[in-house]
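Numbering (this note's numbering), first residue to last: 357 to 1164. Shown next, in structure tokens, is the structure this report addresses.
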Amino acid sequence: MSVIFLQYSRQSKEMYSHPDEDSVLAEPGNISTTGEQLGTTEATEAFFAMTKLFQSRDVILRRMVYLGIKELSSVAEDVIIVTSSLTKDMTGKEDLYRAPAIRALCSITDVTMLQAIERYMKQAIVDRNASVSSAALVSSLHLTRIANDVVKRWVNEAQEAINSDSVMVQYHALGVLYHIRKSDRLAVTKLVAKLTRTSLKSPYAVCMLIRIACKLLEDEDSVGAGSPDSPLFEFIESCLRHKSEMVIYEAAHAIVNLRRTTARELAPAVSVLQLFCSSPKPTLRFAAVRTLNKVAMSHPAAVTACNLDLENLITDSNRSIATLAITTLLKTGAESSVDRLMKQIASFVSEISDEFKIVVVQAIRALCLKFPRKHSVLMNFLSAMLRDEGGLEYKASIADTIITIIEENPEAKETGLAHLCEFIEDCEHTSLAVRILHLLGKEGPRTKQPSRYIRFIYNRVILENAAVRAAAVAAMAQFGAMCPDLLPNIQVLLARCQMDTDDEVRDRATYYYSILETNDKSLSNHYIVEGLQVSIPGLERALHQYTLSPAETPFDMKSVPLATVPSLAEETAAALKSGAGTEGMLTSISLGGTCSVIGWGWIVCFRHSLCAAGNKSATMSREESYGEKLRAVAELAPLGPLFRSSEPVELTESETEYVVRCVKHSFAEHLVLQVINSVHRYRVCPNMSNVLCCLFRLSVQHVVLPVQFDCLNTLNDQLLENVRVVLEPAEGYQMVKEIPCPKLHYNETGTTYIVLKYPQELGATVGETTNHISLDPTFSAMLNFVVKDCDPSTGLPDSDDGYDDEYI
């Protein structure tokens, strides 16, 4: 396409005499739309050829020239050559040329040239022609990216343009005024207060004013100054009675999305949205029901009054509206209306796409958790949906919903498992069948009649592919391990599976048969019921690394991080808190039950507890993330796989000059300490000396723990070198290794590590001591570094000489 355009551009000398050929000038836009790039030389050649068309008097051709200049202005060279021609058109008498000339001129203008056209821009902003004024205002917005200070001088003209009778000029003028003043909250407040007392003719401008008012309300609310009696909120509420439907919906949408809005404040907005539900316009109905659906998530009682209107929308010809109406009713309906709703939905679901069906299924899941006694009705409905045609994502959402109901409602377990058993009889999705078989193996043995599920599982061995057959074998082994009365039958079935054509199925059958044949309950629990206690992503990564290069030794499962760790007994922090608050400057910060921090005085109290904190996925991702970083440190690589990493612990308050955080990493025999140190320019300490005391509460028998110190230098006139933390270990504890941060520039983060080794005599029991070695040791710490004064603008040190300093 670019080649054709260039060929045409070479003929442009004669083109002005053939105005019908102006379609060639559309090629720059077509090229940029298709993603094709013109080179600088090609764009420059085309640009200069295009400039000859200023001689044409054809209006359409000239306007195409302006568009072409805009498209090529960022690629071609020497584009400022057309400045005089564009300025002439911009100030000329032909209104059809003036607006596009302004847009083209501003696209090629830089900061140095803006002063020359400033007077013309001011005149264009207040021009009587609406298209000229709008073009100047929108171009001003674009110019703020390169010359914000210059555009700020046009505020008087923009203020005058906001009084224009043109709908778009008012809107664009308000946009320019807000953009100029947005960094000054007081100026924005005055602007909104002034405009709320006037009557803007443009509904677009009123909508923008509502959004600005909402932002101000949110800011007031964040500092505790927001109030429903605020003039801003009264203005937004008054817009609910505006003559424009656009403004009415914007006001209702704004009220709904305000934080901490009460049911009383929502009532007028909900009433307006209820009226929109019966509008003949599909766009209004869709907007209303979508907003009501959002309100129902946080204030379902406020939407209950709209239930009748929402039920009428179930039969709406627009399926998006009908789906939203159904999901809203499922959120707001009472328990007594569930049966009626299910009957209404049943006739509707078959007519919508899988995408909308998934939305309905998700709403049903929430309804099941809300009304657990209605599980039978909802489960039957889901079962019917499961038998319908649909893709994997749709069927998986239904299966997930049934599984959620089974997990949350024990009464629904057997009913849900029965529905899933029927589904896998004719399931064409392998991944879904494997998941259901895994669930049957986990939950089936715990039901009243576990034998009823064996037939469904063994049918999969006979009829399905190798992946499903392998999952069925594992599920049957679960029954054999947990149901002694079924063990003989399971062993017979596993013996048959040993003749399978697939290696995986045969190996699993042989493996499980051999374990069950021992009649060793502990062996069965460990290798069949409990499964692997390792991180699956970590196992995949470790196996991948193992296969990359030949290895003489077999793969070691100990190199894989654990997925979960059995929780240790929670210990109270009363002893730690008793010392806090005795000094006026000390504050105590609770850190999720794992540690307490006494800030400002740099006294830090840790309870090192390797309990699983938060959800499993968060714990896994933390260990994997830290594990990758620690493996990249050559000195820490010999420590082996990471066992557990703690959450970052804030050691000080944020107002102090140095803000320090600590992360503890435990390995098989070592403790690695990571402390995060941030230097803030809030106040200047006379000698940067203080005391850092770390009290480690060791609750686990893992003896190697690296501690990581991440340091952020926020002093722009200082360069820190050889940043290290000096510890004085307690009795019996050895500091194995210290890894300092060599250099720390301004606004950069560096990391230091300290590796500690626990005493060999460390007792296995929490609270036990051996040979007077404490499980509650105290480490005196000191931050040590070399300071070099530097130039804040360049970051380069003034000299090679520095001075030692420390933060104790």
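Glycine residues also receive a C-beta, built at the ideal position from the N, C-alpha and C atoms. Model, not experiment: these values are computed from the prediction.
- request: Sort K599, R413, R616 by Cα distance to V628 and report the nearest one.
  value: Here residue 628 corresponds to residue number 272 of the sequence shown, with the count starting at 1. If we check each option's Cα against that of V628, K599 comes out closest.
query: Taking just the CA atoms, how far does A607 sit from P456?
result: Within the sequence shown, numbered from 1, the residue matching residue 456 stands at position 100. Within the sequence shown, numbered from 1, the residue matching residue 607 stands at position 251. Cα to Cα, P456 sits roughly 34 Å from A607.
query: Cα separation between L1152 and C1146?
result: Residue numbering aside, residue 1152 sits at position 796 when the sequence shown is read from its first letter. Residue numbering aside, residue 1146 sits at position 790 when the sequence shown is read from its first letter. Each residue's Cα considered, the two are about 5 Å apart.
F712 in three-state terms, based on DSSP: The residue given as residue 712 occupies position 356 in the sequence shown. Helix, per DSSP.
task: Return helix, strand or coil for I1095, following the three-state DSSP convention.
output: Walking along the sequence shown from the start, residue 1095 turns up at place 739. The answer is strand: DSSP assigns I1095 an E or B state.
- prompt: Quick one: what's V1143 bridged to in DSSP?
  reply: Against the sequence shown, residue 1143 aligns to sequence position 787. In DSSP, V1143 forms a bridge with L1076, Y1159.
- request: Grab the span of the beta strand (DSSP E) containing I1110 for me, first residue to last.
  value: Residue numbering aside, residue 1110 sits at position 754 when the sequence shown is read from its first letter. Residues 1105 to 1113.
query: By a C-beta neighbour count over all protein chains shown, 10 Å radius and 16 as the cutoff for buried, is M855 buried or exposed?
result: Walking along the sequence shown from the start, residue 855 turns up at place 499. Exposed.
message: Does the segment 699 to 714 come into contact with the segment 722 to 729, if we say contact requires no fewer than three beta-carbon pairs (one atom in each stretch) closer than 8 Å?
response: no
task: Could you say which of M602, E621, Y560 lies nearest to E590 if we only look at CA atoms?
output: As a position in the sequence shown, residue 590 is number 234, starting the count at 1. Nearest option by C-alpha distance: E621.
- prompt: DSSP on K538, reduced to helix/strand/coil?
  reply: Residue numbering aside, residue 538 sits at position 182 when the sequence shown is read from its first letter. Correct three-state label for K538: coil.
message: On the criterion of 16 or more Cβ atoms from any shown chain inside 10 Å, does Q526 qualify as buried, or is it exposed?
response: Mapped onto the sequence shown, residue 526 falls at position 170. Q526 is buried by the Cβ-count criterion.
field: Buried versus exposed call for Y1159 [16 or more other C-beta atoms within 10 Å across all chains shown]
entry: On the sequence shown, residue 1159 is found 803 positions in, with the first residue counted as 1. Under this definition Y1159 is an exposed residue.
Nearest-angstrom Cα separation, counted from V1063 out to N918: The count along the sequence shown starts at 1 and reaches residue 918 at position 562. The count along the sequence shown starts at 1 and reaches residue 1063 at position 707. Looking at the sequence shown, residue 918 is not Asn but Leu. Going from the Cα of L918 to the Cα of V1063 covers about 20 Å.
- prompt: What span of residues does the alpha helix (DSSP H) with I846 cover, start to end?
  reply: For the purposes of this step, residue 846 is taken as residue 490 along the sequence shown, with counting starting at 1. Counting along the chain, the alpha helix (DSSP H) containing I846 begins and ends at 843 to 853.
- prompt: How big is the Cα-Cα spacing for L648 and E1162?
  reply: Position 292 of the sequence shown, counted from the first residue, corresponds to residue 648. Position 806 of the sequence shown, counted from the first residue, corresponds to residue 1162. Going by the C-alpha atoms only, they are around 60 Å apart.
Pairwise C-alpha distance: A514 and L1100: By one-based count along the sequence shown, residue 1100 stands at place 744. By one-based count along the sequence shown, residue 514 stands at place 158. Distance between the alpha carbons of L1100 and A514 is about 48 Å.
query: How should S440 be labelled, buried or exposed, when 16 other C-beta atoms within 10 angstroms of its C-beta is the threshold for buried?
result: Numbered from 1 along the sequence shown, position 84 holds the residue referred to as residue 440. Looking at its Cβ environment, which holds fewer than 16 other Cβ atoms inside 10 Å, S440 is exposed.
query: Who are the near neighbours of K508 in its chain, counting only those whose CB is closer than 7 Å to its CB and skipping five residues on each side?
result: In the sequence shown, residue 508 corresponds to position 152, counting from 1. I536, listed in sequence order.
query: Between R615, K1113, D695, K769, which lies nearest to R802 when the distance is taken from Cα to Cα?
result: In the sequence shown, residue 802 corresponds to position 446, counting from 1. Closest by alpha carbon: K769.
- prompt: So, are the CB atoms of Y814 and L773 less than 8 Å apart?
  reply: Sequence index remark: in the sequence shown, residue 814 carries index 458 (1-based). Sequence index remark: in the sequence shown, residue 773 carries index 417 (1-based). Taking 8 Å as the Cβ cut-off, Y814 and L773 do not qualify as a contacting pair.
Neighbourhood of R459 by C-beta distance below 8 Å, restricted to the same chain and skipping five residues each side: The residue given as residue 459 occupies position 103 in the sequence shown. So the list reads Y422, K426, A491, V494, S495, once near-sequence residues are dropped.
field: Beta bridge counterpart(s) of R616 as assigned by DSSP
entry: For the purposes of this step, residue 616 is taken as residue 260 along the sequence shown, with counting starting at 1. None; R616 has no bridge partner.
- request: Please look up how many angstroms separate the CB atoms of L685 and L666, rounded, as I've assumed it's under 8 Å.
  value: Taking the sequence shown and counting its residues from 1, the one referred to as residue 685 is at position 329. Taking the sequence shown and counting its residues from 1, the one referred to as residue 666 is at position 310. With a Cβ gap of about 5 Å, L685 and L666 count as contacting.
- prompt: From which residue to which residue does the alpha helix (DSSP H) around Y902 run?
  reply: Counting from 1 along the sequence shown, the entry for residue 902 is found at position 546. Per DSSP, Y902 belongs to the alpha helix (DSSP H) from 892 to 904.
Beta-carbon contacts of I761 that lie in its chain and below 7 Å, excluding the five residues immediately before and after: For this step, residue 761 is matched to residue 405 along the sequence shown. Closer than 7 Å at the Cβ level, and outside the excluded window around I761, lie C724, H731, M735, A768, G772.
- prompt: With a CB to CB cut of under 6 Å and the five nearest residues on each side skipped, what residues in its chain are close to L442?
  reply: Position 86 of the sequence shown, counted from the first residue, corresponds to residue 442. Closer than 6 Å at the Cβ level, and outside the excluded window around L442, lie A457, A460, L461.
Beta-carbon spacing of N1069, Y1109 below 8 Å: Here residue 1069 refers to the residue found at position 713 of the sequence shown. Here residue 1109 refers to the residue found at position 753 of the sequence shown. The answer is no: Cβ separation not under 8 Å.
task: Mark M653 as exposed unless 16 or more other C-beta atoms lie within 10 angstroms of its C-beta, in which case mark it buried.
output: Here the question's residue 653 lines up with position 297 in the sequence shown. By the neighbour-count rule (16 or more Cβ atoms within 10 Å), M653 is not buried but exposed.
Member of E1104, V1142, L1071 whose CA lies at the smallest distance from the CA of R1080: As a first step, residue 1080 is located in the sequence shown; it is residue number 724 there, counting from the start. It is V1142.
query: Do we get a CB-CB distance below 8 Å when we pair F812 with the residues of chain D?
result: In summary, chain D is missing from the structure at hand, where a single protein chain is found.
- prompt: Using CA coordinates, which residue listed in G983, L409, S429 is at the minimum distance from M420?
  reply: Position 64 of the sequence shown, counted from the start, is the residue given in the question as residue 420. Ranking G983, L409, S429 by Cα distance to M420 puts L409 first.
message: Check whether the segment 877 to 892 and the segment 847 to 861 are in contact - that is, three or more C-beta pairs closer than 8 Å.
response: no
- prompt: For the candidate residues V488, A549, K550, whose alpha-carbon lies nearest to that of M524?
  reply: Indexing the sequence shown from 1 puts residue 524 at position 168. Measuring from the Cα of M524, the nearest candidate turns out to be V488.
message: Once DSSP output is grouped into helix, strand and coil, what is the label at H1101?
response: Looking up residue 1101 in the sequence shown gives position 745. H1101: coil per DSSP, three-state reduction.
- request: Go ahead and pull the three-state DSSP assignment for H731.
  value: What you label residue 731 is simply residue 375 of the sequence shown in a count that begins at 1. Of the three classes helix, strand and coil, the one that applies to H731 here is helix, per DSSP.
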